[in-house]
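Only one structure is covered here, and it is reproduced in the block below.
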Amino acid sequence: MSDSPELLKPTAEVIEVTENELQIELGNLKAENENLRQELEVLKQELAENTRYYTARLNEAGATIGTFKDKLDAAQAKKQRLQNDLGNSQAQVAELRSQLAAERAEREENKKSAPAEKDLPEAADLLNKLKAKRKKSKTDLADLEAILELLQG
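Written out as structure tokens, the structure is:
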């Protein structure tokens, strides 16, 4: 059996079978291509939806971060004001303590240098002496008691 042209020539039947198989395969490929195209569209839609969803979540997270950053800045500013107020208050307390110590020392010095209290006479005795010297005096016992209280003060 040599390579004769008759043997190499496909028969019409073989060509028809091959053509039918190719038509079937082409139909299958077209159907598979259409299925893949539909799947691709579904995936594109899902991707777009996911992108919108996660973009919205990222925007919300960014806004939340911004809000927390503003709150943190406000809290830090308040902390600084409170620290300044505390420093001022501590300085005032130190100044008041110094003034108190100075006043206490001055009071102690005044006690030491104050003349010794002398015994004052009774208000009634003073009134009698006053009436003896100034018969028309309008001073009464209550006035003299008030004067004595002021002197003892």
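Numbering (this note's numbering), first residue to last: 11 to 163. Just so it is clear, CB atoms sit at the ideal spot from N, CA and C, and this is done for glycine as well.
Using beta-carbon positions only, say whether residue i and residue j come within less than 7 Å of one another.
| i | j | result |
| --- | --- | --- |
| residue 158 | residue 142 | no |
| residue 151 | residue 137 | yes |
| residue 154 | residue 147 | no |
Check whether the Cβ of residue i lies closer than 7 Å to any Cβ atom in chain B.
| i | result |
| --- | --- |
| residue 47 | Included in the structure is just one protein chain, with no chain B present. |
Continuous alpha helix (DSSP H) assignments of at least 4 residues falling wholly in the stretch 67-130: none
In chain order, each beta strand (DSSP E) run of at least 3 residues that lies wholly inside the stretch 17-49: none
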